[in-house]
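First to last, the sequence lines map onto chains A and B.
Residue numbering for the first sequence follows the numbering used here, starting at 6 and increasing by one per position.
Residue numbering for the second sequence follows the numbering used here, starting at 580 and increasing by one per position.
Each remark here refers to the structure printed beneath this line.
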Amino acid sequence: MPEFSQIKSQLNRARVAVVAAGIVSPLGVGLDETLRSLREGRDCVTPVTTFPIENCRCKSAGQVPDDWLADCHERARHPERLHRVARMMILALGQALTQAPGFVPELTVVGTTSGGMTFGEEYYRGLKGGPRSARRAASLIANYTPQKPVMDAQEAFGISAPCQIIANACASGTNAIGHAFDCVRSGRYQCVLTGGYDALSELVFVGFDSLQAATPERCRPFDRDRTGLVLGEGAAVLFLENLDAARNRGAKILAEIIGYGISTDNHHLTQPNPSGSGPRQAMEGALQSARIKPGEIDYINAHGTATPFNDAAEGKAIAEMFDGVPVSSTKGMMGHSLGAAGAIEAVISLLALQHQVLPPNINFRRGDEGLDLNIVANNSRTGKLRTVLSNSFGFGGTNASVIIRANEA
Amino acid sequence: MSLRVAGMGWVTPLGSGLDHVWGRLLNGEMAKAEGLSSPLGRTHSVFRVPAEATAQAPAHPRLRRSSAISRFAVVAGVAALEDAKLKLDAETAARTALIFAVSNGGVAYTKKFYHEIVESGAKAASPLLFPETVFNAPASHLAAILGINGASYTLVGDGAVGILALKMAEDLMLSETLDHCLVVGAEEADWLLCDAYRRWRLLRSEPPIEPFQRPPRGMILSEGAGAVLLGRDGLVEIEKIAGGTNFGKQREAGAAVEKVFSELGGETDLVVASANGTFVDEAERTALLRHCPNAKVYAMKGSLGESVGASSLWQTICGVQSLRTQVVPPVPLLPMTNGLPPPARPTGREQLRRAVISVCGLNQQVAGLRLVRN
C-alpha cells in the first residue's frame, strides 16, 4: 500500500469488483435461499418471542432462527461466548470464503448499530443478580462491544485485517460498502472486506416502538396507508477487489461497484428534511461518482422503511430524479436490519443483477398521492438490469447510496 | 500529497483549551478524581470534566437535550477549527469531512433508557432519550452545529478507535474534493462503565494511574474529547499510520504492538504511549525497548485518565504539541526501575523531529502513527 506522503496527486480510479458475497437474514442463509425468497416474495416477518413485548405496539420482526446458526460452532474458539450476531457474521464470511478462498483483505470496513447489544442488556439485568450472573458478567462485557462480532468472525477464519466499524445508524452498511469501494478505487488497497451486521435487541425494539416508528400492522413500504417499520436482523459480507487484479488471478466477478454517494442531512436527529434533499444529495453523489446519468439506473433498491417520513422524502427524491425506474423496498419481507440493512440490500441488488429479477415490494396496496413511483408491487418480476442503485438512510441524517453494475466480461 | 495537523482542541479532566491543558501537563499535574456512586452501593473513582471546561459550548438547539459526550465533542471540535483559524461557510463545509471516534458512546442516556424499560416496562420508554442512545448522535449534533453536510462517519472500537479514525481520514483525504477532515474522539464517564471495567479486572479503586508499574495496578476512567483537524498545511505532518491489527488474548497484545511498531518503522525521538496501568503497559514496554530504545517516552494517562474513545486523540495532540513546542511533559509516578529510557526533564528543551503515537486498546485493537515536524 503506498504511503500518503508518497502520493503525488489523486490516485487512479481503479475499477472495483465484487468477487464474493455471503448473507444470513430472515430470508435465508446463503445466496440461493435468499434468491428463492426474493422470487417468491416470501413474508419472513414473525412474532417476537425472545424478549417481552406485551407493552409494545409492535409485536413482530424479521428474525433469524437460532438453529440456522449452529453450523458456525466448529469454527469458533469459544462458541459458547459468541453473540448470535457474531454467529451470523461467521456464517456469512464462511460463505464468501468458500467462493473466494484466496481472498486476503488488507482492510475490513463493516457497519453496525448495536453489535452484541443483548449481552449488554443481560449484563445490566444481571447487576442485581447473584454470584452466577457476576461470574458471567466479564464475558458479557468483553463480547458485547459493537466491534466484537466482526473480530470474532475474522478470528474464526484466521483473518487479521484492521477493522473499521462504522456506526452511522441505519446507513452503516451502505456507508461501509461505499467507503470500502472508495478505498479500492483509490488504488491504495487491492482487497477490502466489507458488509454489515445487527441483531434484534430489546432496547432497540422498544426504542423504535417508543418513537412510534414501528408498526403494529404489516410493513408496507411506499404504500399510501403505511404505518411504520418492522425491525429485522442479519449479516452480509462482500469481498471487494481491484477488478484488474481479480481478473488477472482468474477470480469470478459477481458484479462491479461503480459509484458511492454520502450526505448528512442536518434537519433533525431522527427526521429527514421533507424536501428529500438528503437522499437526493446522496444519490446525485453516487451518480457523479459513477459518472453515469439517472437514465442508466435500471432498478432502485430503496431504503423504504415504510415510515411516513422516510418514504415521503426518499420517494420525492426518486420521483424527481428518475423517470419511471422500477423501485422496491425489500424490508416488507424481512424487516429493517439497521446496520446490516445496507449490506443485505447490496447483496440483494447483486442477486437482482445476476439473475435479472426485480425483488418485490410486498404488502403494497396503493401508491402515495403525489409520488410518481414505479413500485415493483407484491410480486417479483423479470427485468433487463445492468445497473442498480441501493439506498440507506439513518438517524443523525446519514444518507448513503451505492451503484452496482452487472459484470461485463 | 501530505497530511498535516491543521488544528487541535480538547476537553479533559484538566480543563479545556490547548495551551491551558498543555501547561498543566508540563507542570506534571494529575486530574483530581471524584467518587461516582452506583446504585449497587459501590463508589468508583473517575476523572470528570470540570463544568467550566464546557462553559463556552455554543447555545444551539441540538445541545438542549444532548448528553455530556456531545457537549465535549462540540467544544473540542470548535476549538480545533479555531486553532486552525478555519471558519466553515457553505463552501468550506462542503470540503470538510467529519469522523467521530467512540467506544462507549452516550452511555448515560442508554443506561437511563434501558433502566426505565427494566424497571417500568416498555411503555415507560422515553422517545426523547432513544435517539440520543444511537452511536452517531454526537456526530450528528456536531455536523449540524458546524454545517457539515457531506461525509460524516462514526467509527466504533476500543481505545485504538481514534487512530483508526485518523486512518480513515487519511483515506478520505486522498480525494481532492476535500480540504479538511475533522477527527473527534469523545467519551463520557458513568458508574455503569466503571462497574463493567472493574468486573473485567482492569479498574483500580483509587488513583493514581501508574504507567509502566510492575505489576500493573489498574486504571481510572475519565471523560472528555479530543479533536484533530487534518489539512494540507501545518507544521506537523502525519507521516504514516499503521491502520491497526488485532489480538485475541491479552497475552498476545505485545506481539500486536510490535507489529504496529514494525509497520511504522523509522527513527523516532518520542513515543506517546497508551500505558494505563493495565496489561497494555507490558505490551508497549516490550515493543518500545525493541524498536525505539533511545526515544523519550511520554504516557499521559496518569494525568488525564483512560477515556477510551478520546484517549488516542489526546495522545496525538500531546505528540503534536511536543513537536510544535519541543518540550515533553513529565510522566507523574513513572517508576525509575521500569527499564525504559529516562523520562524527559519537565521543562527541558528537546531535539524532537519525529514522534510515534502508540495505542493498544483494551478489547483487541492496536494501532499507531508517526508524526514528523517539517
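The C-beta atom is built at its ideal place from N, Cα and C for all residues, glycine as well.
Whole-angstrom C-beta distance between A862 (chain B) and V836 (chain B), which should lie under 8 Å
Contact between V836 (chain B) and A862 (chain B) holds: their C-beta atoms lie close to 5 Å from each other, under 8 Å.
At 9 Å on the CB atoms, spell out the chain A contacts of F840 (chain B), in chain order.
At a C-beta separation below 9 Å, F840 (chain B) has no neighbours in chain A, since its nearest C-beta there lies roughly 15 Å away.
Report the neighbours of S395 (chain A) on chain B: residues whose CB is nearer than 9 Å to its CB, in chain order.
In chain order: nothing, as chain B lies at least about 18 Å away.
Does the stretch 339-355 of chain A come close enough to the stretch 96-116 of chain A to have 3 or more Cβ pairs within less than 8 Å?
Yes: the two stretches touch, three or more of their Cβ pairs being nearer than 8 Å.
CA-to-CA distance, A676 (chain B) to R869 (chain B), given in whole angstroms:
If you take the alpha carbons of R869 (chain B) and A676 (chain B), they lie about 37 Å apart.
Using the rule of at least 16 other Cβ atoms within 10 Å of the residue's Cβ for burial, across every protein chain shown, is T103 (chain A) buried or exposed?
By the 10 Å Cβ count, T103 (chain A) comes out exposed.
Contact list for the stretch 170-187 of chain A against chain B, Cβ threshold 8 Å:
Residues passing the 8 Å Cβ filter: I170, I171, A172, N173, A174, N180, H184 and D187.
Those residues which DSSP pairs with K550 (chain B) across a bridge:
Nothing can be reported for residue 550 (chain B): it is not among the residues displayed for chain B, which extend from 580 to 953.
Selected residue, minimal CA-CA separation from C49 (chain A), among A:I58, A:P57, A:E38 and A:E59:
Of A:I58, A:P57, A:E38 and A:E59, the residue nearest in Cα terms is A:E38.
Is Y194 (chain A) helix, strand or coil when you go by DSSP?
Y194 (chain A): coil per DSSP, three-state reduction.
For a contact meaning CB atoms closer than 8 Å, what does Q159 (chain A) contact in chain B?
N825, listed in chain order.
Going by DSSP, name the residue or residues bridged to Q169 (chain A).
Partner(s): A:V114.
Given a cut-off of 7 Å on the beta-carbon distance, is the pair S581 (chain B) and E816 (chain B) in contact?
Going by C-beta atoms, S581 (chain B) is nearer than 7 Å to E816 (chain B).
Shortest alpha-carbon distance to T150 (chain A) belongs to which of A:L132, A:G131 and A:V90?
Of the candidates A:L132, A:G131 and A:V90, A:V90 places its Cα closest to the Cα of T150 (chain A).
Could you tell me which residues DSSP pairs with F626 (chain B) in its beta bridges?
B:S801, per the DSSP bridge assignment.
Residues of the stretch 649-679 of chain B with a CB closer than 7 Å to any CB of chain A: list them in chain order, please.
For the stretch 649-679 of chain B, no residue has a beta-carbon sitting nearer than 7 Å to a beta-carbon of chain A.
Beta carbons nearer than 8 Å to chain B: which residues of the stretch 140-153 of chain A have them?
Those would be A142, A143, I146, A147, T150, P151, Q152 and K153, in chain order.
List the residues that DSSP assigns as beta-bridge partners of V859 (chain B).
Within the DSSP secondary-structure output, V859 (chain B) pairs in no beta bridge.
Consider the Cβ of N60 (chain A): report whether some Cβ of chain B lies at a distance smaller than 7 Å.
Judged by the 7 Å Cβ criterion, N60 (chain A) is in contact with chain B.
Using a Cβ cut-off of 7 Å (strictly closer), state whether A806 (chain B) contacts chain A.
Residue-level contact by beta carbon fails for A806 (chain B) and chain A, as no gap is shorter than 7 Å.
Looking only at its own chain, which residues have a Cβ that is under 6 Å from the Cβ of V381 (chain A), when we skip the five neighbours before and after it?
Only residues of its own chain outside the window of five on either side were considered, and among them P331, S333, L363, P365 and N366 have a CB closer than 6 Å to the CB of V381 (chain A), listed in chain order.
Can you pull the chain B neighbours of I267 (chain A), defined as C-beta to C-beta under 8 Å?
Going along chain B in sequence order, the residues near I267 (chain A) (Cβ under 8 Å) are G729, A730 and S731.
Confirm, please, whether the CB-CB distance from T857 (chain B) to P795 (chain B) is below 7 Å.
In this structure, P795 (chain B) sits near T857 (chain B), with a CB-CB distance shorter than 7 Å.
Taking Cβ positions only, does V713 (chain B) come closer than 7 Å to chain A?
So, interface residue.
Is it the case that the Cβ atoms of P234 (chain A) and A219 (chain A) are separated by a distance below 7 Å?
Inspection of the sequence shows that residue 234 (chain A) is occupied by Leu rather than by Pro. Closer than 7 Å, so yes.
Where the beta strand (DSSP E) through V235 (chain A) begins and ends
First-last for V235 (chain A): undefined, no H or E at that position.
If you draw a straight line from the C-alpha of L782 (chain B) to the C-alpha of N942 (chain B), how long is it?
Taking the straight line joining both Cα atoms gives about 14 Å.
At the 7 Å Cβ level, is T275 (chain A) part of the contact set with chain B, yes or no?
T275 (chain A) has a beta carbon lying within less than 7 Å of a beta carbon in chain B.
How would you call G620 (chain B), buried or exposed, if buried means at least 16 neighbouring beta carbons within 10 angstroms?
By the neighbour-count criterion, in which a residue is buried when 16 or more other Cβ atoms sit within 10 angstroms of its Cβ, G620 (chain B) is exposed.
Which runs of the beta strand (DSSP E) fall wholly inside the stretch 238-304 of chain A and span at least 3 residues, in chain order?
For the stretch 238-304 of chain A, whole beta strand (DSSP E) runs of length 3 or above, ordered along the chain, are 239-247 and 260-269.
Starting from H694 (chain B), trace the alpha helix (DSSP H) both ways and give me its first and last residue.
Where H694 (chain B) is concerned, the enclosing alpha helix (DSSP H) stretches over V686 to S699.
For D71 (chain A), count the other beta carbons within 10 Å of its own beta carbon; 16 or more makes it buried, fewer makes it exposed. Which is it?
Looking at its Cβ environment, which holds fewer than 16 other Cβ atoms inside 10 Å, D71 (chain A) is exposed.
Just the C-alpha distance for E698 (chain B) and S206 (chain A), rounded to the nearest angstrom, thanks.
Distance from the CA atom of E698 (chain B) to the CA atom of S206 (chain A), rounded to whole angstroms, is 17 Å.
Using the Cα positions of L809 (chain B) and S294 (chain A), report the straight-line distance between them to the nearest angstrom.
Their backbone Cα atoms lie some 23 Å apart in a straight line.
Between B:A832, B:L867, B:L721 and B:N855, which lies nearest to L849 (chain B) when the distance is taken from Cα to Cα?
Residue B:L867 holds the alpha-carbon nearest to the alpha-carbon of L849 (chain B) among B:A832, B:L867, B:L721 and B:N855.
Name, please, each residue of chain A whose Cβ falls closer than 8 Å to the Cβ of N942 (chain B).
Per Cβ cutoff of 8 Å: A147, T150, Q152 and K153.
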